[in-house]
Every structure is written in structure tokens, then in C-alpha cells.
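All remarks here apply to the structure that follows.
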Amino acid sequence: MAAGNTIAHRDKRFFIAVIGDEDTVTGFLLSGIGNIDSSKNANFFVVDLKETSISSIEDAFKRFTRDSNTAVVLINQNIANEIRAEINAFKKPIPAVLEIPSKEHPYDASQDGILQRVRGMLGQAT
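Here the sequence shown is numbered in the numbering used here, starting from 31 and rising by one per residue.
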């Protein structure tokens with residue numbers, strides 16, 4: 031894959047994982063972040079909410095957040111809403127979980143559990 035698909039830190043390479051709709055994942059893959067390891071595990075997961083099961087989305091989220099080579103997990107906010115309990119239960123700082131908008135669903139800060147947690151830590155009203 032392209033050199034732009036990793037984050038280097040002290041001679042170790044970390045990946046950005048993406049869980050999103052087809053347009054979002056395709057955009058990130060075109061930017062060069064895609065990776066498939068020797069075991070054929072990809073750092074991206076395409077979701078069609080009409081066809082993809084919630085358990086499959088949860089499994090992808092767990093796989094990415096348990097992978098020691100993943101530094102950031104990007105997830106479309108509307109998909110994050112489908113697995114909100116799983117995302118809210120994830121408390122580790124790495125990988126960072128960032129909710130992003132999709133073409134069809136704009137970002138809504140009031141739905142972002144991670145942002146709400148940060149605001150609470152900073153003593154800001156939610």
C-alpha cells in the first residue's frame with residue numbers, strides 16, 4: 031500500500047481504520063490509508079445499514095480497537111449511533127475513535143459520545 035496509510039512513531043507503524051458507508055470508505059481508500067495484512071485482515075469495513083448486521087459492525091469495531099497496530103478508528107456518526115453502547119463503553123485513549131459525517135448524514139456534536147466525555151472532563155456543559 032501507499033506510504034500515506036500509516037502513522038509512524040518510534041519505528042512502529044500504526045494504521046487508521048475506517049468503518050463507514052461505501053462512499054466514505056472509498057474516499058479514504060483513495061487517499062491511501064487502505065491496508066490488508068498477510069492474514070487478509072483489512073483496516074476498513076464497508077457498512078450498508080439495510081444489509082449489514084449490527085453484530086458485524088460491532089465485530090469490526092472490536093477488531094479495530096483491539097488491534098495494537100491501529101492508532102485511529104474513523105466511523106460514520108450514523109453508523110456509530112447503531113453501536114452507541116459499544117462505542118461509549120470503549121474508554122482507552124488509543125486507538126482514538128472519531129465520529130465523522132457521511133454524505134447523507136451531517137455531523138451532530140450532540141450525538142458524539144466521545145466529544146461529550148471530553149467536554150465533561152473539561153468541565154464544559156454538554
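Cβ atoms here follow ideal geometry from the backbone N, Cα and C, with glycine treated the same way.
{"query": "Going by Cα to Cα distance, which pick from Gln-146, Glu-88, Asp-51, Leu-145 is closest to Val-77?", "result": "Asp-51"}
{"query": "Please work out which residues of its chain come closer than 8 Å, Cβ to Cβ, to Ala-33, disregarding the five sequence neighbours upstream and downstream, and give them in chain order.", "result": "Residue placement at Ala-33 cannot be trusted, given a pLDDT of 47 that sits under 50; the coordinates are not used to answer."}
{"query": "For Val-76, write down the residues that DSSP places opposite it in a beta bridge.", "result": "Gly-50"}
{"query": "On the three-state DSSP scale, how would you describe Lys-92?", "result": "helix"}
{"query": "Does DSSP classify Thr-100 as helix, strand or coil?", "result": "strand"}
{"query": "Look up Phe-58 in the DSSP assignment and say whether it is helix, strand or coil.", "result": "helix"}
{"query": "Just to confirm, is the Cβ distance from Ile-66 to Asn-73 under 9 Å?", "result": "yes"}
{"query": "Out of Ala-126, Lys-80, Asp-138, Gly-57, state which residue places its alpha-carbon closest to the alpha-carbon of Phe-91.", "result": "Ala-126"}
{"query": "What number of angstroms, rounded off, separates the C-alpha of His-135 from the C-alpha of Lys-42?", "result": "35 Å"}
{"query": "Helix, strand or coil for Ile-63, going by three-state DSSP, please let me know.", "result": "coil"}
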